[in-house]
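In what follows, a single structure is set out as structure tokens and then discussed.
2 protein chains.
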Amino acid sequence: MELWYTENHTDNVKFSIKVKEHIYSKKSPFQQIDIFETYEFGKLLTIDGLVMVTEKDEFVYHEMISHVPMAVNPNIQNVLVIGGGDGGSVRELTRYKNIKKIDMVEIDEVVVRSCEQYIPQTACKLNDERVSLYFEDGIKFVEDKENEYDLIIVDSTDPVGPGEGLFTIEFYRNCYRALTKNGILINQHESPYYERDSKEMKRAHRKIKNVFEVSKVYQFHIPTYPSGHWLFGFASKGIDPIKGLDANKWNALGLKTKYYNTDIHVGSFALPTFVKEMLEDETV
Amino acid sequence: MELWYTENHTDNVKFSIKVKEHIYSKKSPFQQIDIFETYEFGKLLTIDGLVMVTEKDEFVYHEMISHVPMAVNPNIQNVLVIGGGDGGSVRELTRYKNIKKIDMVEIDEVVVRSCEQYIPQTACKLNDERVSLYFEDGIKFVEDKENEYDLIIVDSTDPVGPGEGLFTIEFYRNCYRALTKNGILINQHESPYYERDSKEMKRAHRKIKNVFEVSKVYQFHIPTYPSGHWLFGFASKGIDPIKGLDANKWNALGLKTKYYNTDIHVGSFALPTFVKEMLEDETV
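Protein sequences appear in the order of chains A and B. Under the UniProt record's numbering, the residues of the first sequence are numbered 1 to 284, in order. Under the UniProt record's numbering, the residues of the second sequence are numbered 1 to 284, in order.
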């Protein structure tokens, strides 16, 4: 008997991963959480039947979500991570000695506890003394924050279910207020390839553009996400992700990475023409 | 009844595309050729059960294989395309008025004729008066050529079956001799993600590095290829793909593209650290 995990990327496209063992399955108050041991990708975390993290390629996502802002502003001290229950973003952030405080606000404690137990590759630094875990709604959490964080990372699921409120203009406004003058917002920005994903991407981008002075998008290759072509948003009150990069300074830190480097930092902001056109589309 | 085309990306990963109609199927002397009408990707050409071209994303592949060298050397006049039976590379090349001659050497006439009939989106410019079609073995074709082409594009299948000889050092040496002083070789360079593909990529790269003075690699997002993370090689006798780029000159041509632009030209040569390390690996 063969066991396969299959994700529908659209109604007409399926991606299937051969499973050694279905290790964990739980319905939390928010969502369905499953962990599989797979042949090709190591451990696989899915939420509501969608790939969130695999051990083989999580480094791409977590390095690109954290090192890009940190290389632009190495003076970042206070960080807020919204979502990111697998712990991978926090793992990368804790590598920076400069960072004094990381608040991680994850609505679903079950995600964190299951990853701590079964995917320590990502959930290995949640006990760092600078990290405070809040099992709360990130949307509410930022409502009363002001001038408090140098970096907010929205490491969310897609804009359905608990993730939906993380793609609203009210939320982006609250993030703006919660950020310091040199603050940076990084958010999961969906994909430009399949229609459903690209619609969400266009909507999210239009809203962020209305709130932040600087609003850019960068891309990366993550093969286990639909199409493998994924985007993060970079927004700030003035800092530019390219002009603000001090490559020598970041390289002097000596951090060993597998995907991120200061060349791909710059290169990832160069977008295909069809993506640029989508981001400029004001009709959505 | 539902019809699905499934490709095994590895023994443990499958990619499936819902099919409206299986339009064409033929075993040529070289390989098995099939064309499907699909819901998500339009027409789909497969060879020996592997995705070669889909109408939805062929523009990525064909723009990146042709415009990168053309933007580096706008004086290119004589071009050799090896493989490329779907016609997409030739379609992009014929947009350059400067080009005087395009020799396309495709071993399998059945690929060309089936694409002319069923995928005119790519095979629409093979009757351009500058194009000469040779249904021959590209490996033999370049053996006696000397100082003849400004650009050679190796638009090949993977290094199995008829494509195998296009990944040998003898072939790269013959290309070198066939190229003019400012000549450029672009070749299909496989993917860094799955082990089988990345092994081929490392091998091919090591050989090209031994033959050409300049040997670089650039990447692009093509969702219907395994992992969606694909590479082309850029090799020359001295011209550098970044320093040699005259962005203003290319932009002045006014060519409308969907993926390529002069920013992504530069950005695509910035590679993830794990890819750079693979390309430097001398043990393969």
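Don't be surprised by glycine CBs; every beta carbon is placed ideally from N, CA and C. If you're wondering where the values come from, they're calculated on a predicted model, not measured in any experiment.
query	result
Buried or exposed by the 16-neighbour rule on C-beta atoms within 10 Å, applied to LYS216/A	buried
Straight-line gap, HIS189/A to HIS62/A (C-alpha atoms, nearest Å)	14 Å
LEU45/A vs ASP86/A beta-carbon contact at 8 Å	yes
Any C-beta of chain B under 8 Å from that of ILE242/A	no
Interface residues of chain A facing residue 322/B [CB-CB closer than 8 Å]	The structure shown does not extend to residue 322/B, since chain B is modelled only from 1 through 284, so no value can be given for it.
Pairwise C-alpha distance: ASP48/B and ALA235/A	46 Å
Beta-carbon spacing of GLU92/A, SER66/A below 8 Å	yes
Contacts that TYR39/A makes with chain B (C-beta to C-beta distance below 7 Å)	ASN12
Paired residues, beta bridge with PHE15/A - DSSP	GLU7/A and PHE15/B
Sheet register partners of TRP230/B (DSSP bridge)	PHE220/B
Short Cβ contact (8 Å threshold) for ILE102/B with ARG130/B	yes
VAL112/B, buried or exposed, once every other Cβ within 10 Å from all chains shown has been counted against 16	buried
Length of the line joining the Cα atoms of GLU7/A and TYR134/A	30 Å
Interface partners of ASN261/B on chain A, CB under 9 Å	ALA270, LEU271, PRO272, THR273 and LYS276
Contact check, LYS14/A vs SER16/B, beta carbons under 8 Å	yes
Residue burial classification, ALA247/B (beta-carbon count within 10 angstroms, cutoff 16)	exposed
Chain-order list of residues whose beta-carbon lies under 7 Å from that of ASP240/B (same chain, five-residue window excluded)	VAL214
Meets three-Cβ-pair contact criterion under 8 Å: the stretch 204-211 of chain A and the stretch 170-180 of chain A	yes
Assigned secondary structure, PHE171/B (DSSP; H/G/I helix, E/B strand, else coil)	helix
Rounded C-alpha distance that separates ASP158/B from TYR193/B	15 Å
DSSP beta-bridge partners of VAL53/A	LEU45/A
Rounded distance between the beta-carbons of ASN261/B and THR273/A, thought under 8 Å	5 Å
Under the three-state DSSP convention, the category ALA235/B falls into	strand
Bounding residues of the beta strand (DSSP E) (the contiguous stretch that carries LYS197/B)	It should be pointed out that residue 197/B corresponds to Asp in this sequence rather than to Lys. Per DSSP, ASP197/B belongs to no beta strand (DSSP E); it is in the alpha helix (DSSP H), 195-211.
Contact list for the stretch 216-238 of chain B against chain A, Cβ threshold 7 Å	HIS221, PRO223, SER227, GLY228 and HIS229
8 Å Cβ cutoff met for ASP150/B and ILE35/B	no
Where ASN78/A falls: helix, strand or coil (DSSP)	strand
C-alpha gap between VAL79/A and LEU179/A, whole angstroms	9 Å
Proximal residues to LYS145/B (C-beta, below 6 Å), its chain only, five neighbours per side dropped	ALA178
Assumed close pair GLY267/B, PRO223/A - CB separation to whole angstroms, cut-off 8 Å	Contact doesn't hold; Cβ gap of about 19 Å is too wide.
Neighbouring residues, chain B, relative to PHE36/A (Cβ below 7 Å)	Ordered by position in chain B, no residue passes the 7 Å Cβ test against PHE36/A, which lies about 12 Å from the chain.
Close beta carbons around LYS237/B, own chain, < 8 Å, minus the five adjacent residues each side	TYR176, LEU179, LYS181, ASN182, GLY183, PHE212, GLU213 and VAL214
Test: VAL68/A CB closer than 8 Å to a CB of chain B	no
Whole-angstrom C-beta distance between VAL72/A and LEU185/A, which should lie under 8 Å	Wrong, their Cβ atoms sit about 12 Å apart, outside the cutoff.
Candidates ASP57/A, LYS276/A, MET64/A and LEU166/A, of which the one nearest ILE82/A by Cα	LEU166/A
Contact under 8 Å by Cβ, LYS56/A with VAL90/A	no
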